[in-house]
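Chains as they are written, first to last, in our numbering: chain A, 1032 to 1392; chain B, 1032 to 1392.
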């Protein structure tokens, strides 16, 4: 699998992205990474390493999208950016998947604009893995669409279902919808309507799940709108950090704390490993015609390596085609409109926010 | 202050509610608790204790609202329930505030129905304290209103501001709105519109706050709709429990873990105390004509005691009048309508969900 990696994207690029790419090619024999970005900087960074050079190549891109830039501006003005080139390579068939740890809003917009939506998909969505007591669950949408219709939640459920089945080889993932009570009468207007659609869908829909239960391991795929999904993701990230800080502070304040901390340190390390986002590496944008993984801006080399692995797996299994087939079968209510046919051209001249909301992660 | 306590409400009632009431009267000289509920059961429970009997009284109520009952049914059919009687006592002036750890939806509906909304209030909201790195912040709305208009978020901000000022003697609390990015352009339709209102309001509005920053201590009052508020509250509760479980599991799995755990145990105890909801005891329903505190169903005696303390403080400071004045000054856009004037009568015959969404906590 040929993975186009936006080498300039992320807080520690290109050194960390290059290191991640090299870890990936060392670990996985079937991976070839195409680093997109400033050839000179990438070459400089590569100089520090020994690696199988036949599976690393560079595709020069003269521009870099900065974190403060808007997706619209980036799309319109930076057509030779490292992020754009990575996605362009997927479009032209020179790469099987793209990975970027750069500006996530720009990455989403670029993937959507260049690769386009799958037919029968109204809203592509970000699917992110989160740790639970028993393993991981998939949260969809984690931030692409802030205002949703009930049909969109159904679509997210089908996309999440198809993805989970394909990646984890689980025949019937348990799909739940995030709400404020288990009963179908509990929720807001959106979830109450979506509940009716999900209940009648060809899915293993287990009903609503409350916030306190999402980490229980009782659901494989948890569906919500992107505003809530992003807040849940960020609240969890913030709370986990806060708890660890508070615990450390309290431990430092008791006399036996320091020694005790040394003794439990390996356990804390294991806990961190188990809950580390880098184990999962990135979140795919599902519903587009191709494979694109959006990674955290703070991605470590390990996170980049894992994102490349997931991208390779998705491309190999042709997950986007599986999703297209699932939606064709289960959500055929959407037909191609004039808007869709002209979407690429129209996109150039207008704010893309109509299609995707570009949450900065 | 005379506090009417729903003695039959909560998972461990009446023993725990009675114990909480007795802790309150022992600790606070100016508190008198009126226990509403089954006189025989309450008397039985009181028998185990010595207490200042002149500051404990019983008001018999023949019915108890069960957790599975709907607010509408409870309001219509159980007019002699312990929860109803507690609120009735506030209405008649025989008590200064009501506290219930029973069915939170029923408690909210009863408070709203019996005491009514303050004029200029469109949607009463639940305000709950959550621990942060530096202390506590107030989350409003934590679950009363699942579908909101931008004006409602402004109203929540003013109510939270007035409450925080009155209770904590802080002249200018920092008010933030929960969203998916700090910029005013980040958010969903609701928050983007609400941002404009908050920016121009007579409040110390510090802008949007992201999920990852809510525990940072950078905001005193965090505003959001009740659907998201409830999810944030429950996700936090669930994640904190999950992290502690995972940590314990990992600690048990390393050889030096057990000894280390004994050494850090006092620190874990301090951490738990610092983050324990019972320190705060309950969440007031702001925006009604009177004082009503909704406590967690799992409330301990300590939580009940603290809820009684907060109820007493709110009643003493006449927080509901302060809120009424604040809204009259800052949100005068709402005038009394025919619906409001007849709301009590109409309420009897219809689902109260138009007014409040009765999240079960």
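Glycine is no exception: its CB is placed at the ideal position from the N, C-alpha and C atoms.
Taking C-beta separations shorter than 6 Å and ignoring five residues to either side along the sequence, the partners of residue 1355 of chain A in its chain run 1149, following chain order. When Cβ-Cβ separations below 7 Å define contact, residue 1251 of chain B makes no contact with chain A. Annotation: the continuous beta strand (DSSP E) that includes residue 1037 of chain B extends over 1033-1037. At a beta-carbon threshold of 8 Å, the residues of chain B lying near residue 1218 of chain A are 1177, 1258, ordered along the chain. The beta carbon of residue 1304 of chain A sits no closer than 7 Å to any beta carbon of chain B.
Annotation for residue 1111 of chain A: 1092, 1093, 1094 place their beta carbon closer than 7 Å to its own, counting only its chain and skipping 5 residues before and after. The beta carbon of residue 1273 of chain B falls within 7 Å of a beta carbon belonging to chain A, placing the residue at that interface.
Residues of chain A with a Cβ closer than 7 Å to the Cβ of residue 1287 of chain B are, in chain order, 1294. Between residue 1042 of chain B and residue 1269 of chain B the beta-carbon gap is near 18 Å, outside 8 Å, which marks them as no contact. Taking the Cα positions, residue 1049 of chain B is about 18 Å away from residue 1323 of chain B.
When C-beta distances to chain B are compared with 8 Å, every residue of the region 1066-1086 of chain A stays at or above that value.
Taking 7 Å as the CB threshold, residue 1168 of chain B stays off the interface with chain A. Going by C-alpha positions, residue 1314 of chain A is about 13 Å away from residue 1195 of chain A. By the Cβ-count criterion, residue 1097 of chain B is exposed, with fewer than 16 other Cβ atoms from all chains shown falling within 10 Å of its own Cβ. Between residue 1047 of chain B and residue 1330 of chain B a beta carbon distance of about 7 Å is seen, short of the 8 Å cut, so the two are scored as contacting. Look at residue 1190 of chain A here: in three-state DSSP terms it is helix. Only those residues of the region 1234-1247 of chain B whose C-beta falls short of 7 Å from the nearest C-beta of chain A are listed: 1241, 1242, 1243, 1244, 1245, 1246. When secondary structure is reduced to three states using DSSP, residue 1073 of chain A falls in the helix class.
About 6 Å separates the CB atoms of residue 1055 of chain A and residue 1340 of chain A; that is less than 8 Å, so the two are in contact.
Neighbours of residue 1155 of chain B in chain A, taken as residues at a C-beta separation under 8 Å, are lacking, since the least C-beta distance is about 17 Å. The residues 1056, 1063, in chain order, have a CB closer than 6 Å to that of residue 1086 of chain A in the same chain once the five nearest residues on each side in sequence are set aside. Counting only unbroken stretches of 3 or more residues, no beta strand (DSSP E) element lies wholly within the region 1098-1124 of chain B. Interface criterion met: the Cβ of residue 1263 of chain B is under 7 Å from a Cβ in chain A. For residue 1214 of chain B, the secondary structure class from DSSP, reduced to helix, strand or coil, is coil. For a Cβ distance threshold of 8 Å, residue set 1298, 1301 of chain A lies close to residue 1284 of chain B, ordered along the chain. The Cβ of residue 1211 of chain B sits closer than 7 Å to at least one Cβ of chain A. Taking a beta-carbon distance threshold of 7 Å, residue 1057 of chain B does not count as an interface residue toward chain A. Annotated three-state conformation of residue 1249 of chain B is coil, per DSSP.
Secondary-structure assignment with DSSP links residue 1091 of chain A through a beta bridge to A:1068.
Close CB contacts of residue 1119 of chain A within its chain, under the 7 Å cut and outside five residues either way in sequence, are with 1145 (chain order). The beta carbon of residue 1266 of chain A sits closer than 7 Å to some beta carbon of chain B. Of all C-beta pairs linking the region 1154-1169 of chain B to the region 1184-1191 of chain B, three or more are shorter than 8 Å, placing the two stretches in contact. Closest in C-alpha terms to residue 1201 of chain A, from the list A:1333, A:1229, A:1236, A:1251, comes A:1251.
Between residue 1317 of chain A and residue 1254 of chain A the beta-carbon gap is near 12 Å, outside 8 Å, which marks them as no contact. At least one beta carbon of chain A lies nearer than 7 Å to the beta carbon of residue 1277 of chain B. Following the DSSP letters along the chain, one finds residue 1297 of chain A inside the alpha helix (DSSP H) bounded by residues 1288-1306.
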